[in-house]
Amino acid sequence: MAELGESPLWIEGAGLCWLDVPGQRLHSLDLHGRHHEVALSARTTAVELGPGSDLLAVTTTGFGRLDPRSGQVEQLTEVVSPPVSMNDGGIDARGRAWAGSAVRDGSRRGALYRLDGEVSTHLENLSMSNGLDWSPAGDELYHVDSTAGTVTAWEFRLDAGELGASRLVRRIPPETGLPDGLTVDENGDIWLAVWGAGQVWRLDPVTGETTAVVQVPASCPTSCAFGGRDLSTLCVTTANRGDTAGGGLLYAVDLPVRGLLPHRFSGGFPCV
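Residue numbers (my numbering): 2 to 273.
Below you can see the structure in the form of structure tokens.
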């Protein structure tokens with residue numbers, strides 16, 4: 002059980018891994034269903050496919066390289082400092098890493114950063130940058146600002162790695178829950194974990210309409226990713242808030258739709 006499960010990642014040919022952020026542990030399930038876990042040397046908020054067998058780590062202050070066998074995290078870039086903390090991330094179709102930052106004091110000091118040989122800032126004035134993923138064609142970026150309750154679509158210029166015009170996909174009132182992590186399926190629909198609602202919603206990316214609901218036996222789902230041999234299993238991480246017996250567990254739901262394989266970071270780190 003995790004205190005705060007996050008960042009589920011399907012690794013083709015290996016299985017699924019995910020984080021317990023405050024517990025500083027990397028969990029994994031191999032293709033035979035065997036569970037493994039390793040203690041991490043640094044607090045890590047998201048993981049993505051990295052160079053070779055390593056993972057790209059989003060740490061609380063920047064980006065690093067994570068050895069999933071030893072749990073050693075090598076910090077390679079510093080992006081923010083407390084009280085600002087890095088949060089969720091993703092990799093675009095050209096192998097560039099993106100991750101956002103969050104502030105829990107209600108101010109709008111969060112931002113969205115890109116790592117591609119150097120770190121650049123692409124969105125500012127965010128409260129809690131969270132889930133992000135791209136359309137199957139790679140021409141739209143879907144991004145969550147949790148405290149603002151918004152899922153926003155940004156025109157994405159894939160060759161340049163730049164954002165264009167934006168449109169609001171969905172605003173969720175706080176009494177319903179907070180949008181958290183998300184993933185996109187092969188049809189382009191958005192699967193959104195809704196913290197506090199105990200649900201994952203499938204959203205139409207154009208209208209923002211909820212077209213399906215997956216009920217989770219935990220009040221606070223945090224993120225989701227497609228996995229399994231045919232990418233038709235939705236894997237959902239949750240937080241243990243003490244209000245439901247199932248909080249902090251990982252859930253798997255078979256669906257009649259497939260996800261997309263995650264991209265691998267290939268953008269390079271700044272010289273250190």
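Note that beta-carbon positions come from the ideal geometry of N, C-alpha and C, so glycine has one too. The model shown is predicted, which means the values in this text are computed figures rather than measured ones.
Thinking C-beta only, is TRP11 closer than 8 Å to LEU5?
-> Using a Cβ distance threshold of 8 Å, LEU5 and TRP11 do not count as a contacting pair.
Alpha carbon of THR78 to alpha carbon of ASP117, nearest angstrom = Taking the straight line from one Cα to the other gives about 12 Å.
Beta-carbon separation of GLU187 and GLY139 under 8 Å?
-> Contact flag unset, no.
Can you round the beta-carbon distance between SER136 and PRO206 to whole angstroms, since I take them to be within the 8 Å contact cut?
-> Confirmed, about 7 Å.
Quick one: what does DSSP say MET2 is sitting in, helix, strand or coil?
-> Of the three classes helix, strand and coil, the one that applies to MET2 here is coil, per DSSP.
Expected contact under 8 Å - CB spacing of CYS236 and ALA226 to nearest Å | Contact between CYS236 and ALA226 holds: their C-beta atoms lie close to 5 Å from each other, under 8 Å.
Use the C-beta contact count for THR169: other C-beta atoms within 10 angstroms, 16 or more gives buried, fewer gives exposed.
-> Strictly speaking, residue 169 in this sequence is Leu, with Thr absent from that position. With fewer than 16 Cβ atoms within 10 Å of its Cβ, LEU169 is classed as exposed.
Candidates ASP93, ARG203, TRP99, ALA240, of which the one nearest PRO218 by Cα | When each option's Cα is compared against that of PRO218, the closest is ALA240.
Tell me, please, which residues DSSP counts as bridged to VAL258.
-> Note: VAL258 sits in no beta bridge, so no partner.
Nearest residue (CA-CA) to THR211, options ALA253, ALA3, ARG172 | For the set ALA253, ALA3, ARG172, the Cα lying nearest the Cα of THR211 is the one of ARG172.
Under the assumption that PHE266 contacts GLY96 (Cβ atoms under 8 Å), give the Cβ distance between them as a whole number of angstroms.
-> About 6 Å separates the Cβ atoms of PHE266 and GLY96, confirming a contact at the 8 Å cut-off.
GLY14 and VAL39: beta carbons closer than 8 Å?
-> For GLY14 and VAL39, no; Cβs fall outside 8 Å.
For GLY64, the residue or residues it bridges with in DSSP = Looking at the sequence shown, residue 64 is not Gly but Phe. Beta-bridge partners assigned by DSSP to PHE64: VAL59, THR78.
Start-to-end residues for the beta strand (DSSP E) that takes in ALA213 = Counting along the chain, ALA213 sits inside the beta strand (DSSP E) bounded by residues 211–216.
Backbone CA spacing between PRO263 and PRO175 [nearest angstrom] | If you draw a straight line from the Cα of PRO263 to the Cα of PRO175, it is about 30 Å long.
Using beta-carbon positions only, say whether GLY199 and GLN216 come within less than 8 Å of one another.
-> If you check the CB distance, GLY199 and GLN216 come in under 8 Å.
Alpha carbon to alpha carbon, how far is GLU163 from GLY150?
-> Cα-Cα distance, rounded: 24 Å.
Per-residue DSSP class, three states only, for PRO83 = If DSSP states are grouped into helix, strand and coil, PRO83 belongs with coil.
Around the C-beta of HIS37, are 16 or more other C-beta atoms found within 10 angstroms, so that it is buried, or is it exposed?
-> Exposed: under 16 other Cβ atoms inside 10 Å.
Cα-Cα separation between VAL273 and ALA47, rounded to whole angstroms = Because the pLDDT at VAL273 is just 49, under 50, the model does not fix this residue reliably, and the value given afterwards should be weighed accordingly. Each residue's alpha carbon lies about 22 Å from the other.
Would you mind listing the beta strand (DSSP E) stretches within the region 129–200 that are 3+ residues and don't spill past its ends, in chain order?
-> Runs of the beta strand (DSSP E) inside the region 129–200: 130–135, 141–146, 151–158, 163–172, 179–185, 191–196.
Chain-order list of residues whose beta-carbon lies under 8 Å from that of SER121 (same chain, five-residue window excluded) = Scanning its chain for C-beta atoms nearer than 8 Å, with the 5 sequence neighbours on each side dropped, one finds around SER121 the residues TYR114, ARG115, in chain order.
Which residue's Cα is closest to the Cα of GLY189: ASP55, LEU179, THR208?
-> It is THR208.
Residue ranges of each beta strand (DSSP E) run of no fewer than 3 residues wholly in the region 91–130, ordered along the chain?
-> The qualifying runs are 98–103, 111–116, 120–127.
Which whole-angstrom value describes the C-beta separation of VAL74 and SER102, a residue pair presumed to lie in contact below a C-beta threshold of 8 Å?
-> That pair is no contact at about 18 Å.
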